[in-house]
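> Protein sequences appear in the order of chains A and B. According to the numbering used here, the first sequence holds residues 8 to 349 in order. According to the numbering used here, the second sequence holds residues 933 to 1187 in order.
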Amino acid sequence: MNVSDLSAPRRGQGALIPLLLALLVFVGLPALLAGFDRGYFYQIANLALIFILLSASMHLVTGVAGLLHLGHAAFYGVGAYTAALLSTKFGLGFTVTLPLSGLVAALIAFLVALPTMRLVSIYFAVATLAIGQMLYLVMLNWVEFTKGPNGIIVTKGLELFGFSLSGRLATYYTVATVVALCVLAIGRLSHSYYGNALRSIREDDQCADAMGVSTARLKMEAFTLSAFFAGVAGSLWAHMTGYISPGDFKFSESILILAMVVVGGLGSLPGAVIGALLLILLPEGLRAFGDFRNIMVGLVMFLSILLLPKGLLGEVSALQLARRQLGAAWRNTVKGEGIGWR
Amino acid sequence: MTHLLDIRNVSRRFGGVLAVNDVTGHVDEGELVGLIGPNGAGKTTLFNLISGFTPLSSGSVSFDGRTISGLKTNQVARLGISRTFQNLRVFPNMSVFDNVSVGAVGALPQGALGALFGSLAGGGARSAEISRRTWEALEAVGLTHVAGELAANLPYGQRKYLEIARALAMQPRFLILDEPAAGLNDTETRALADFIKRLHGTGLTIMLVEHDMTLVMSICQRILVLASGRKIADGPPDAIRRDQAVLEAYLGVDA
Chain A
8 MNVSDLSAPR RGQGALIPLL LALLVFVGLP ALLAGFDRGY FYQIANLALI FILLSASMHL
68 VTGVAGLLHL GHAAFYGVGA YTAALLSTKF GLGFTVTLPL SGLVAALIAF LVALPTMRLV
128 SIYFAVATLA IGQMLYLVML NWVEFTKGPN GIIVTKGLEL FGFSLSGRLA TYYTVATVVA
188 LCVLAIGRLS HSYYGNALRS IREDDQCADA MGVSTARLKM EAFTLSAFFA GVAGSLWAHM
248 TGYISPGDFK FSESILILAM VVVGGLGSLP GAVIGALLLI LLPEGLRAFG DFRNIMVGLV
308 MFLSILLLPK GLLGEVSALQ LARRQLGAAW RNTVKGEGIG WR
Chain B
933 MTHLLDIRNV SRRFGGVLAV NDVTGHVDEG ELVGLIGPNG AGKTTLFNLI SGFTPLSSGS
993 VSFDGRTISG LKTNQVARLG ISRTFQNLRV FPNMSVFDNV SVGAVGALPQ GALGALFGSL
1053 AGGGARSAEI SRRTWEALEA VGLTHVAGEL AANLPYGQRK YLEIARALAM QPRFLILDEP
1113 AAGLNDTETR ALADFIKRLH GTGLTIMLVE HDMTLVMSIC QRILVLASGR KIADGPPDAI
1173 RRDQAVLEAY LGVDA
C-alpha cells in the first residue's frame, strides 16, 4: 500500500443532504411562512435560527475544544448591545453593526481569555461563569451607558447598504443567510485538521502539547472565534426584535445554549443545530400545556441525556456524515471510507 | 563536533527529592541509545526534562546546538523532538487517522485561517501535506487497515503502534520512546524490537527508555544507566552488562 491509496473524493457524490437542507431553509420554509402569514411563526423561525448560530458557536469551544463555557450568552449580549448602541447613538445601520458586533465581542473575549486560558476544566468553567456575570451586570447596572434594566429600543431594522430588509420575509431571508454563512464557516473550522487539533486539546491537552500543537493559542482562537459568532447573533437579534434588555443575556441563557450543545451531541455540529431546534421549538409546541411545558422540556432534556448520553447525533456519526456528505474528507481507495480532512 | 542532544549537569528537585541529580550525557545524530535504570531511577523525569514537560531545577539541555531548556513543550516538539508515553496516551474519541494527523498538524504552521479560507490561505496544500504524512506514518507502523476506527476500539498492542505513528507523523529528527515494551508479551516485544531497528535503519535518531534490560541490550548501540537520579554508566551493551555499578544497582550489592 502507498499514499496513492488515499484519493480525493469525486465531485457530486453524496452532497444530497446539504442540498436538501439549503432548499428547506431558503425555499420550503419561506414558502410555508408566507403561506401561513402569521408574524408569530416568523418570530419563532428567526429565533430558532439565531439560537442555531449560538449553539453552533458554542459547539466550537465546548464541543470541539472541550472547554466548558458558562458565559456564552454574555458575548451574545455584547454583540446585541454593540449593535443597539452604535445604531441609536451614531445612527449606524445593520450592514455596519453586524461585523462590528462580532469584532467587539471577539475583542472582549480575547482580552478576558488572556489570563483565563491557562485554567483547566472546572476552573475554566468557573472563570467563564464569572466573566458572563460581570458582563451581564455591566448591561444591567451601568445605566448611563446601557440604559440598564429598561433596555434599548433599536429603531433601525435589518438593511443591506441602505436597502431596508425589515419586511417579514426579507427579515427571515437576512437572518437565514447570515446564520447559514456563519454555520458554514464553523463547519469548515470543525471539519478540518484545525478541528482535529482542537479535539486533541479536548482529549489530552498535555499530550497535544507534546505533539507540537500550540494549545494555548488554539484555545484562545476557539474562544475568540466563538465569541465573534455569538456577537453576530447578538446584532441579528437587536435589529430583528427592535428591543433588547439585559434579561435576554443572563446566565440561564448560557445554560440553555449549553443544553442545546449537549442534548444535540458534544462535538457534533449537526447535533448542535438539532439541539437548538429542539429546545426552541419544543417549548413553543408545548404552549397548550401552559405552566407545565417547562417541566416537560426539562423532562425531554433529562431523558435524552439519560438514553443518548452522546447526544441525538453524536460526534462520531456527525463526522462521518460530514466526510460523506460534504466531500470534506479523503477517500481510502482500499476500503472506500472517508478519512482525514480535505 | 556538536551532539544532536546535549544534556549538561541537569538536575530536578521535587520538594526534598532529587529525582535527577547532576546528569550529563549526549545523543549523536543517527544513534539508537537506551536509557535504563531500576524503577524510580529518574528515567521518565529526565525524559520529561528533555521534552520540556517538566522545568529544570538546574543545568541545561541543547538540541542541535540550540538551548532548549526553558522552551515550551510544543516549541521543543516543533524543533523535531517527538515522543511516546509510558502510560498510553492516545486520543480515545478520535479515529486512528485523526489521532496520527495531530502529529502532522503540530509540526506544521497552525491557525484558523487555513481551515476557514482553504486554498486562499494555504489551507488546501497544508491539508494535503498533513494527509500524506499521516498516511505514511500509518503505513510505517502497519495500521492503515484500521485508519477509520476509533482509537478507543483498538487493542492494547495496536495502540502502542498508534502512538508511535503519531510521533512519526511529526517527521521528527529525534524520537524518544518511553517504555514501549511495557505490557507486551515476548513475541510482541520481539516484533517491537525489529520494528525499532527498522525505524533506526531509516536514519532516525532514537532514544529508548526502558527498565526491561533484554530489549535494550538487544538493539541499542549505547546505553545510559541511571540509578537514584544519577548516571552510573554510559557505554556499549557489552560493557554495561559487565559493569559492576550497574549490576549492583539492578541486583543489589555483591551481585
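All C-beta atoms in this analysis are idealised placements derived from N, C-alpha and C, irrespective of residue type, glycine included.
Residues in the same chain with beta-carbon distance under 7 Å from Ser199 of chain A, minus the five sequence neighbours each way, listed in chain order, please.
Excluding residues within five positions, the ones whose Cβ falls inside 7 Å are Trp348.
> Can you look up Arg18 of chain A in the DSSP assignment and give me helix, strand or coil?
Model confidence at Arg18 of chain A stands at a pLDDT of 49, short of 50, so the residue's coordinates are unreliable and nothing is read from them.
> For Leu1 of chain A and Val269 of chain A, which I take to be in contact (beta-carbon distance under 8 Å), what is that distance rounded to the nearest angstrom?
Any answer about residue 1 of chain A is impossible in this case: the structure gives chain A only from 8 up to 349.
> Give a yes or no on whether the minimum CB-CB distance between Thr222 of chain A and chain B is below 8 Å.
It does; some Cβ of chain B falls within 8 Å.
> Give a yes or no on whether the C-beta atoms belonging to Glu210 of chain A and Phe995 of chain B are separated by under 8 Å.
No, they are not a contact pair.
> From Ser1014 of chain B to Leu276 of chain A, what distance separates their C-alpha atoms?
The alpha-carbon atoms of Ser1014 of chain B and Leu276 of chain A are separated by roughly 32 Å.
> Compare the C-beta of Gly272 of chain A against all C-beta atoms of chain B and say whether one is closer than 8 Å.
So no, Gly272 of chain A is outside the interface.
> Which word fits Phe58 of chain A, buried or exposed, when buried means at least 16 other C-beta atoms lie within 10 angstroms of its C-beta?
Phe58 of chain A comes out buried.
> In the DSSP output, which residue or residues are listed as bridge partners for Trp337 of chain A?
Trp337 of chain A pairs with A:Ile346.
> Roughly how many angstroms separate the alpha carbons of Ala1101 of chain B and Ala1053 of chain B, rounded to a whole number?
Their backbone Cα atoms lie some 23 Å apart in a straight line.
> Using only CA atoms, which one of B:Leu1147, B:Ile982, B:Ala1047, B:Ala1079 lies nearest to Leu191 of chain A?
Leu191 of chain A has its Cα closest to that of B:Ala1047, out of B:Leu1147, B:Ile982, B:Ala1047, B:Ala1079.
> Taking 8 Å as the CB-CB cut-off, is Ser311 of chain A touching chain B?
Cβ-Cβ to chain B under 8 Å: no for Ser311 of chain A.
> According to DSSP, which residues form a beta bridge with Glu1142 of chain B?
Per DSSP, B:Ile968.
> Going straight from the alpha carbon of Ser14 of chain A to that of Leu77 of chain A, what length do you get?
If I take the Cα positions, the gap works out to 41 Å.
> For a test of the three-state rule: what should DSSP assign to Ala72 of chain A, helix, strand or coil?
Of the three classes helix, strand and coil, the one that applies to Ala72 of chain A here is coil, per DSSP.
> Grab the span of the alpha helix (DSSP H) containing Phe131 of chain A for me, first residue to last.
From DSSP, the alpha helix (DSSP H) with Phe131 of chain A extends over 128-148.
> On the criterion of 16 or more Cβ atoms from any shown chain inside 10 Å, does Ser990 of chain B qualify as buried, or is it exposed?
Classification of Ser990 of chain B: exposed, given that the 10 Å Cβ count is below 16.
> If we ignore side chains and look at the alpha-carbon of each, how far apart do Asn1031 of chain B and Ala1083 of chain B end up?
Taking the straight line from one Cα to the other gives about 8 Å.
> Determine the closest residue to Gly966 of chain B out of B:Ser1027, B:Leu1158, B:Leu1183, B:Asp1175, with distance taken between C-alpha atoms.
For the residues B:Ser1027, B:Leu1158, B:Leu1183, B:Asp1175, the minimum Cα distance to Gly966 of chain B belongs to B:Leu1158.
> Rank B:Asn1025, B:Ile1151, B:Ser943 by C-alpha distance to the C-alpha of Ala973 of chain B and give the top, closest one.
Closest option to Ala973 of chain B, Cα to Cα, is B:Ser943.
> Identify the residues that DSSP records as bridge partners of Thr999 of chain B: which are they?
DSSP, once it has assigned bridges, lists B:Ser994 as partnering Thr999 of chain B.
> Are the Cβ atoms of Lys1129 of chain B and Ile1151 of chain B separated by less than 8 Å?
Result yes, Cβ atoms of Lys1129 of chain B and Ile1151 of chain B sit closer than 8 Å.
> Got a sec, what are the start and stop residues for the alpha helix (DSSP H) Gly282 of chain A sits in?
Run containing Gly282 of chain A: 276-292, per the alpha helix (DSSP H) assignment.
> Taking CB distances under 8 Å as the criterion, tell me whether Ala1044 of chain B reaches chain A.
Yes, Ala1044 of chain B lies at the interface with chain A (some Cβ there is under 8 Å from its Cβ).
> Please identify the residue among B:Glu961, B:Leu1003, B:Leu950 whose C-alpha is closest to the C-alpha of Thr977 of chain B.
With distances taken between Cα atoms, Thr977 of chain B lies closest to B:Leu950.
> Identify the continuous beta strand (DSSP E) that holds His958 of chain B and give its terminal residues.
Per DSSP, His958 of chain B belongs to the beta strand (DSSP E) from 949-959.
> At a CB-CB cut-off below 7 Å, which residues of chain A make contact with Leu1048 of chain B?
Those are Ala192, Arg195, Leu196, listed as they occur along chain A.
> Should Phe946 of chain B go down as buried or exposed, given a rule of 16 or more other Cβ atoms within 10 Å for buried?
By the neighbour-count rule (16 or more Cβ atoms within 10 Å), Phe946 of chain B is not buried but exposed.
> Are there 16 or more other CB atoms within 10 angstroms of the CB of Leu31 of chain A, so buried, or fewer, so exposed?
Counting Cβ neighbours within 10 Å, Leu31 of chain A comes out exposed, since fewer than 16 surround it.
> Of the choices B:Leu1003, B:Ile968, B:Glu1081, B:Thr1005, whose alpha-carbon is the least far from that of Leu1179 of chain B?
Checked all of B:Leu1003, B:Ile968, B:Glu1081, B:Thr1005; the closest Cα to Leu1179 of chain B is B:Ile968.
> Which bits of chain B does Leu105 of chain A rub up against, with CB to CB less than 8 Å?
Those within 8 Å of Leu105 of chain A in chain B number zero; the least Cβ separation is about 18 Å.
> Taking 8 Å as the threshold (C-beta atoms), are Leu67 of chain A and Ser233 of chain A in contact?
Contact flag set, yes.
> Are the C-beta atoms of Gly347 of chain A and some chain B residue less than 8 Å apart?
Yes, its Cβ sits closer than 8 Å to a Cβ of chain B.
> Return the CA-CA distance between Gly86 of chain A and Leu107 of chain A, expressed in angstroms with no decimal places.
One C-alpha to the other measures close to 8 Å.
> How far does the beta strand (DSSP E) with Lys1163 of chain B in it extend, from its first residue to its last?
Lys1163 of chain B -> beta strand (DSSP E) spans 1162-1167.
> DSSP puts Ala1159 of chain B in a beta bridge; with which residues?
DSSP lists B:Arg1162 as partners of Ala1159 of chain B.
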